[in-house]
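Note sheet for the following structure.
In full-length UniProt numbering, the protein residues as written are 1 to 771.
Shown next as structure tokens:
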């Protein structure tokens, strides 16, 4: 650590390091080997900087061009700038041109000093101790922070006390917050600065007190939450979006302020329930016209943008992600760090909303019961749509703050019209209020829809499937009409079983039941039409198979798993459904390649409240997808569906259907897919990967996927993962792949361990979890 004097400011400035990146990389090449890529070397360099144990720290190059080493052009000075007085973390500035940005560089260095005007705001520690009752618990007002209330000069104020035992760690954040609050004193959207104290090792910021406390206080306390009507919640969301827009624009057109700790715990509510933002210690002002800024991810782990966590990119989308989580908090009546018991395990908010991202009914289950009879369907759908866009893993999909504000205002306007049905009353329009007989379709209608069964689109042992167009009385749907062969595999019992099953099933990833016909010895089931046919069709057609990207395959797998999750757990304690014939031929794809499970003729239902109960039946299903344990013993469990799903997962990975025989190495006997997987899993599974996706796959995504797929086909049913675990792993694999397609600039494919070190987030989530 050195003190230097700049030409623009003769007073000493605490300064740590500024290095020539090209020089650093060239030295690192010699140190770690010339074959390493530039990105990999930057990762190594950043890790060493974190440890403060490398040659560059011991010989820092100066910040200003006047101090450029002899023989070295200051215009080439590009590199790392580390200043603990202005940021509590390492900031990596790429493409920083000192010669062109002399003034900007000076201002960055000088910013570490408190503005002289702040001296007038200093408050003696003695007065603060007196005002807070020596920081008594009685005056402690924030659940997850050291904030106290007290009387100062006849007014109630808030005292934010940084931890005296962590002065070295938190001093930079304290001074940065002071600077930010001072520079934003004209902004009505922030908690206003009154004064500060930095005596005797204490670091305290004194600010206005918001009488209604923080937003997370209202979410956690049911009595407070009852007062938050749906209209009030929408207004608070609009206010939060507006204040975020205001502070982002607070430093002029060429600058943008990124808060980086935007959450319900840092949003205070005044006496009119208007939101105010606080806690600016981690905020950073970026130049809109400069390159990207990178740094160790900071902020609350439950609100941290996954892309920021992985890449270290600091941009305004970080705050948009946090705002999206805030919208879900208001909808669900819980904080992001809170958890609920869902499908046999506790899940936090982001996991739950991602789990139900394709399932409107699932999101409805998350709605705060206190507002379910207030919230109307149109405003709910608007908020849900914009909230999901805010937390998208694709930065390009995240909306602007102007767009968010506009949509939220539309939601409030729709709600205030008061002419729409509520979420709670929507069930009155649902299938649950009808009888199966209400779905009977006259044979004459079906003949018209199919032009007398002329357009055949599928055939099997059960019979034939036709495409048709229903009449106005049946909502003009394009439909698939399954006409059973009386002499086929599916008889009257299976027909009735499938009817009863499909009538009660309603989920995004289950084919939608439209009606049936049992006239004139005909047995017909009418479902929605899936325009892209079955997954088996896609894998059989080489052109279609090659067109399926890895991301699309992962999404299809996630959809199929969600459909199974609904069958196993979504119908209540006494209605677990075991499909018994999960295979690629029974997974249909709609216009958007959304997976839809179909064909419930062999399905069995039973109780979910007896997880150890066993059902013995004659083995049924498709041989190549059938659980060997079930095939040999007749013992049917939900784990049998898990096995079959595992086979489908490997079909997606390899592009090989389960019933195809092939040899991988010359001279080998041809084998079926699962036999090949068992043979090559430990050494050589990459030889089985479909060539059309091999080059695009993220390595971490591949490993996460293969381990969960292999666990599914374990010969010991107890070792097979639960469906919700499968969904978690598949979503993790998708997240890795999406992050690859929005790559981390400091290295194309970081090792999981390296990623943990660079992001400082290794403890938040295991990168590859053993099953």
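Glycine residues also receive a C-beta, built at the ideal position from the N, C-alpha and C atoms.
Which word fits residue i, buried or exposed, when buried means at least 16 other C-beta atoms lie within 10 angstroms of its C-beta?
i, result
"residue 704", "buried"
"residue 164", "exposed"
"residue 201", "exposed"
"residue 69", "Confidence is the limiting factor: at residue 69 the pLDDT is only 34, short of 50, which leaves the residue's position unreliable, though a coordinate-based value still follows. With fewer than 16 other Cβ atoms within 10 Å, it is exposed."
"residue 186", "exposed"
"residue 772", "The chain is shown from 1 up to 771; residue 772 falls before or after that span and cannot be answered."
"residue 227", "exposed"
"residue 176", "buried"
"residue 729", "buried"
"residue 32", "In this predicted model, residue 32 has a pLDDT of only 44, less than 50, meaning its place in the structure is not dependable enough to derive any value."
"residue 234", "buried"
"residue 661", "exposed"
"residue 651", "buried"
"residue 664", "exposed"
"residue 98", "Low confidence applies to residue 98: its pLDDT is 31, below 50, so where it sits in the model is not reliable, and the reading given next is rough at best. Buried, since its Cβ has 16 or more Cβ neighbours within 10 Å."
"residue 633", "exposed"
"residue 694", "exposed"
"residue 568", "buried"
"residue 51", "With a pLDDT of 33 at residue 51, under the threshold of 50, the modelled position of this residue cannot be trusted; read the value that follows with caution. It is exposed - the Cβ of residue 51 has fewer than 16 other Cβ atoms within 10 Å."
"residue 775", "No answer is possible for residue 775: it lies beyond the span of the chain, which begins at 1 and ends at 771."
"residue 471", "exposed"
"residue 248", "buried"
"residue 564", "buried"
"residue 22", "Confidence in residue 22 is poor, its pLDDT being 46 and thus under 50, which makes the residue's placement too unreliable to answer from."
"residue 687", "exposed"
"residue 375", "buried"
Is the Cβ-Cβ distance between residue i and residue j less than 8 Å?
i, j, result
"residue 559", "residue 528", "no"
"residue 322", "residue 262", "yes"
"residue 317", "residue 395", "yes"
"residue 587", "residue 535", "yes"
"residue 509", "residue 596", "yes"
"residue 299", "residue 242", "no"
"residue 288", "residue 256", "yes"
"residue 301", "residue 390", "no"
"residue 468", "residue 481", "yes"
"residue 190", "residue 160", "no"
"residue 383", "residue 349", "no"
"residue 517", "residue 446", "yes"
"residue 443", "residue 499", "no"
"residue 622", "residue 581", "yes"
"residue 328", "residue 353", "yes"
"residue 812", "residue 501", "Residue 812 falls outside the range modelled here, since the chain spans only 1 to 771, and no answer is possible."
"residue 240", "residue 326", "yes"
"residue 733", "residue 721", "no"
Would you mind giving the Cβ-Cβ distance between residue i and residue j, rounded to the nearest angstrom? I have them listed as a contact below 8 Å.
i, j, result
"residue 659", "residue 644", "Between residue 644 and residue 659 the Cβ distance is about 13 Å, and since that is not below 8 Å, they are no contact."
"residue 477", "residue 514", "6 Å"
"residue 208", "residue 157", "7 Å"
"residue 118", "residue 178", "6 Å"
"residue 547", "residue 629", "Not quite, the Cβ-Cβ distance comes to about 36 Å (not below 8 Å), so this is no contact."
Hey, out of the options, whose CA is closest to residue i's CA?
i, options, result
"residue 122", "544, 196, 146 and 152", "196"
"residue 649", "667, 623, 690 and 638", "690"
"residue 700", "727, 735 and 668", "735"
"residue 194", "136, 578, 246 and 120", "120"
"residue 220", "384, 336 and 156", "336"
"residue 141", "714, 204, 124 and 214", "214"
"residue 671", "683, 682 and 656", "656"
"residue 526", "449, 696 and 676", "449"
"residue 351", "606, 725 and 737", "725"
"residue 646", "592, 604 and 707", "707"
"residue 401", "543, 152 and 387", "387"
"residue 590", "522, 532 and 385", "532"
"residue 562", "266, 530, 506 and 542", "506"
"residue 512", "126, 268, 272 and 599", "599"
Check: Which ranges would you report for the beta strand (DSSP E) in the segment 497-573 if only whole runs of at least 3 residues count?
Finding: 513-517 and 524-528
Note to self: For a minimum of 3 consecutive residues, which ranges assigned as the beta strand (DSSP E) are wholly contained in the segment 170-242?
What the structure shows: 193-197 and 203-208
Margin query: Suppose only complete runs of 4+ residues qualify. What are the alpha helix (DSSP H) ranges in the segment 269-326, listed by chain order?
Written below: 306-311
Notebook entry, point to check: Which runs of the alpha helix (DSSP H) spanning at least 4 residues fall entirely within the segment 631-674, listed in chain order?
Noted result: 638-654
Item checked: 3-residue-minimum beta strand (DSSP E) runs that sit fully inside the segment 439-466, ordered along the chain -> 456-460
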